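To start, the structure under review is shown below, and the notes come after it.
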Amino acid sequence: MQTEIVKGTDITYEYVHYDENGKVDFSETALRGVSLDVRPGQFIAILGHNGSGKSTLAKQINALLLPSTGTMVVDGHDTKDASKLWDIRQTAGMVFQNPDNQIIASVVEEDVGFGPENMGVPTKEIWHRVKRSLKAVGMWEKRGESPNRLSGGQKQRVAIAGVMAMEPKCIILDEPTAMLDPGGRKEVIDAALELNRERGITVILITHYMEEVIKADRVLVMDRGKVVLTGTPREVFSKVELLRKYRLSVPQVTQLGFELQKAGLDLPDGILTIQELVTELKRLRGGSDGNQD
Amino acid sequence: MGIRIEHLSYIYNEGTTFSKTALSDINLTIADGEFIGVIGHTGSGKSTLVQHLNGLNIPTSGKIYVDGKDIHKEKESLRSLKSKVGLVFQYPEHQLFESDVLKDVMFGPRNQGLSDSEAMMRAREALRLVGLDESVEKKSPFDLSGGQKRRAAIAGILAMEPSVLVLDEPTAGLDPKGRDEILDLTAELHEKKGISVILVSHSMEDVANYVSRIIVMDEGKILYDDTPEKVFVHVKELEAVGLAAPEMVYVMKALREEGFDVDYSADTVDLARREILGALAGKNRKC
Amino acid sequence: MLKDITLGQYYPGDSIIHRLDPRVKLLGTLVFLITLFVFGSPGAYVLASIALGVVISVSTVPFRYMVKGLRAIFLLMVITALFNLFLTPGTILFSFWRFRITEEGLRMAIHMIFRLSYLILGSSIMTLTTTPNQLTDGLETGLGFLKKIHVPVHEVSMMMSIALRFIPILMDETSKIMRAQEARGANFSEGGIIRRAKALVPLLVPLFISAFRRANDLAMAMEARGYHGGEGRTRMKPLSYHRKDMVAFAVMALYVLCQIGMKILKL
Chain D
1 MQTEIVKGTD ITYEYVHYDE NGKVDFSETA LRGVSLDVRP GQFIAILGHN
51 GSGKSTLAKQ INALLLPSTG TMVVDGHDTK DASKLWDIRQ TAGMVFQNPD
101 NQIIASVVEE DVGFGPENMG VPTKEIWHRV KRSLKAVGMW EKRGESPNRL
151 SGGQKQRVAI AGVMAMEPKC IILDEPTAML DPGGRKEVID AALELNRERG
201 ITVILITHYM EEVIKADRVL VMDRGKVVLT GTPREVFSKV ELLRKYRLSV
251 PQVTQLGFEL QKAGLDLPDG ILTIQELVTE LKRLRGGSDG NQD
Chain H
1001 MGIRIEHLSY IYNEGTTFSK TALSDINLTI ADGEFIGVIG HTGSGKSTLV
1051 QHLNGLNIPT SGKIYVDGKD IHKEKESLRS LKSKVGLVFQ YPEHQLFESD
1101 VLKDVMFGPR NQGLSDSEAM MRAREALRLV GLDESVEKKS PFDLSGGQKR
1151 RAAIAGILAM EPSVLVLDEP TAGLDPKGRD EILDLTAELH EKKGISVILV
1201 SHSMEDVANY VSRIIVMDEG KILYDDTPEK VFVHVKELEA VGLAAPEMVY
1251 VMKALREEGF DVDYSADTVD LARREILGAL AGKNRKC
Chain F
2001 MLKDITLGQY YPGDSIIHRL DPRVKLLGTL VFLITLFVFG SPGAYVLASI
2051 ALGVVISVST VPFRYMVKGL RAIFLLMVIT ALFNLFLTPG TILFSFWRFR
2101 ITEEGLRMAI HMIFRLSYLI LGSSIMTLTT TPNQLTDGLE TGLGFLKKIH
2151 VPVHEVSMMM SIALRFIPIL MDETSKIMRA QEARGANFSE GGIIRRAKAL
2201 VPLLVPLFIS AFRRANDLAM AMEARGYHGG EGRTRMKPLS YHRKDMVAFA
2251 VMALYVLCQI GMKILKL
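Residue numbers (the numbering used here), protein chains in the order written: chain D, 1 to 293; chain H, 1001 to 1287; chain F, 2001 to 2267.
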């Protein structure tokens, strides 16, 4: 019996470059023995610097890339099984980084209908799905607009709706906020979180914005094609110096907590929110009050 | 080299059904050697504003003076203006086109009319400034890593030896380390070369650490123009226009509400740490 | 100026023209274009003008918006007209230096200007009121019979609709790169032809690279959303003729009959 929706075992992947004669010119190893278990309904975040292999890993889950060695199993189907390819793509939907390069149609609602059309969903059902998906991301009012008139955050929400309309069990977001401003980033992350919370859809978020992963159930940190750190956000963010080594950072509050700890204050590791910090500082103050009394 | 902007307004597609006021009645003075952050959300007019500084946008009304001269009065001054005010666009690596990095960086100086050998000297110097060594000079710009590409593109502007450097969201799409590296680089250029730097960004955290003056833009107008500490006091107003103060300002605010004796103006992690340690020590002393 | 090309853009609206079946609009455009070339009398142009005027006003697309599309190819029209004006032999109206203007030439030039501008207005009214997806569907269904002789109708129409979607994006990109290179001192508007052609390199190289990157991304996004050709696809907006389409066919037939009638009556 299998419980994981995504299960990657010891995956390696090489990008092979060919010269003009079709011979192998050189190859780059993007993944070196990555294993990954995601259970249904989880919110997983994958962190890593540019070129750490996180996007390559994301594309493995959607069978856009296939492992050189190792296996990737999505909802019980091995991604190497070509006969299950379209089942896999339907199970694990994908949202990409550049909002302009993933919207195919010139009207919002038609774009959301593109996936179901490809799957051969009957017309009436397509309309139901389009409506449901656009409402879920708060874009129903814009259904008749041209995507060119939307903001970056709105475009990405349309892209999420486009995936939603395929009714996947799992959505992989590959740096969906990298090209957005703070307002747009929040819109997209909130939309993804809601799908996870309200509809129980598994969300795998790939990002290098630290604030976006605080609410994740589990965080994986990648460096040079390997998963180098994994744990809850608190566990991961308590390793401030290690993260810096991997070209990452921590949220500013966490950084502050860490600096105060270094200065000798008795604070716990991995403070994630302002409220936590204030509570801890109050405890310290109260503690010193107590000692003085 | 000072820049003075008087009653600048700019309307897109004037006279058509799509006309849109992008800037209205901007007044601004930028002195030599300043380090300024221009903050605003997408569509606030911040990019449109900085594209006026080197004459790329022509004002619908109003005047821009650089070195006391009206830049739109004579054609010649407009050309030399591009050398005075260097503008690094968003995702500048998208403009790389030459067969190798060195040639690409030479493009600007060559357009300024310099000889090949002079242009090459300038290009090499600029590449060293952004931290790219000789080994990349002969590489194709398209074989560089993302961060390197961006540096090469910035070098392309630096090679023109501007006295004002404007960077439009120079950290977009970079990872945290890459962000810090680019921002540190601009700070270094400001200090070492003494050039004025104008940093356009939508992130308060990014600029709070570096700049000494912040201009907040909203709907084509200047909302605030002051030191960071004074701007960040207006947390509510900033939020109302889709921006936020740096996270540290919120920490300080929360602490004050709980009776800690800390200063609002601590907008960086370092300042906040000092404030908190001070407040806790003060508490101990008082007892 | 590039931004002014309205051909291929969609202008959102809810007019009867917008709601017509795309096959009707395609056929209508085709019929209109054919009549432009077959019938060239002044009367025929009056009739064509009336037809075009009615369709444009019913479509609710602002006329000014449409004319902007003409402006972009104004130069092409002027050149064509000049060629016709000076190089057509015939009865000389007047001449100066080495140029002669003939009556035939003048007539040809006027014809050319009318034909070209009506051709563009006629086809833009179709693209302005039809979303690229509808257009694709219309082409695919309307030309479906070609599949039997192995013409890749679906693939071609899909390519077309994607091209149309990306035209505005690439134009934006063009102006962005142009400005970025201008900031580096590039000059796109001065010097002789060779210098100007050379000056385009810093624009074209980044533009091609970006277009390839976009194509690559898009292909991946389409694959991720289960696109695998036209086989087994259903439609969100399936095409079916309604009463308004039948009326449109009738109007079209009437228009053609009028044109033929005028030809016979030599009006």
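Yeah, the Cβ is synthetic: ideal placement off N, Cα and C, and Gly gets one too.
Bear in mind the structure is a predicted one, so any value in this text is a computation, not a measurement.
Closer than 7 Å to chain D by CB, residue i
i	result
H/ARG1273	yes
F/LEU2128	no
H/THR1171	no
Minimum Cβ-Cβ distance from residue i to chain F less than 7 Å
i	result
D/LEU229	no
H/CYS1082	Just to set this straight, residue 1082 of chain H is Lys in the shown sequence, not Cys. Taking Cβ atoms only, chain F reaches closer than 7 Å to H/LYS1082, which makes this a yes.
D/SER106	yes
H/GLY1147	no
D/GLY120	yes
H/LEU1087	yes
H/GLY1055	no
D/GLU110	yes
D/LEU64	yes
D/SER132	At residue 132 of chain D the sequence reads Arg, which differs from the Ser that was named. Chain F contact via Cβ: absent.
Residue(s) in a DSSP beta bridge with residue i
i	result
F/SER2095	F/ARG2100
F/MET2077	In the DSSP output, where bridge partners are listed per residue, F/MET2077 has none listed.
D/HIS77	D/VAL74
D/ASP174	D/ILE206
Alpha carbon of residue i to alpha carbon of residue j, nearest angstrom
i	j	result
F/VAL2256	F/LEU2139	22 Å
H/LEU1277	H/ALA1172	34 Å
H/LEU1102	H/LEU1127	8 Å
F/PHE2037	F/SER2059	24 Å
H/ILE1157	H/PHE1260	47 Å
H/HIS1094	F/GLN2259	53 Å
H/VAL1269	F/LEU2203	43 Å
F/PHE2208	D/ILE126	36 Å
H/SER1080	F/ARG2107	51 Å
H/GLY1086	D/PHE96	33 Å
F/ASN2133	F/LEU2218	16 Å
F/LEU2033	F/LEU2119	6 Å
D/ILE104	D/GLY113	10 Å
D/ALA159	H/ALA1153	31 Å
H/ILE1256	D/ALA136	Before going on, a small fix: residue 1256 of chain H reads as Arg here, not Ile. Going from the Cα of H/ARG1256 to the Cα of D/ALA136 covers about 39 Å.
H/TYR1210	D/GLY70	47 Å
F/ARG2019	F/LEU2070	25 Å
F/PHE2114	F/PHE2166	30 Å
F/THR2130	F/ILE2050	22 Å
Cβ-Cβ distance between residue i and residue j below 7 Å
i	j	result
F/PHE2086	F/PHE2099	yes
D/VAL38	D/ILE88	no
D/HIS49	D/ARG247	yes
D/LEU205	D/LEU173	yes
F/VAL2205	H/PHE1097	yes
D/VAL219	D/PRO233	yes
D/ASN62	D/MET94	yes
D/LEU31	D/THR56	yes
H/ARG1151	H/LEU1129	no
H/ILE1214	H/PRO1228	yes
D/VAL278	H/GLU1188	no
F/ILE2169	D/ASP100	yes
Proximity test, Cβ basis, 7 Å: residue i and chain H
i	result
D/ALA191	no
D/LEU272	no
D/PRO182	yes
D/HIS208	yes
F/PRO2042	no
Cβ-based burial, residue i [other Cβ within 10 Å; buried from 16]
i	result
D/GLN102	buried
F/ARG2243	exposed
D/TYR15	exposed
D/SER238	buried
F/HIS2150	exposed
D/ARG157	buried
D/THR79	buried
Where residue i meets chain A, residues with beta-carbon distance less than 8 Å
i	result
D/MET166	Among the chains of the structure shown, chain A does not appear; the protein chains present are D, H and F.
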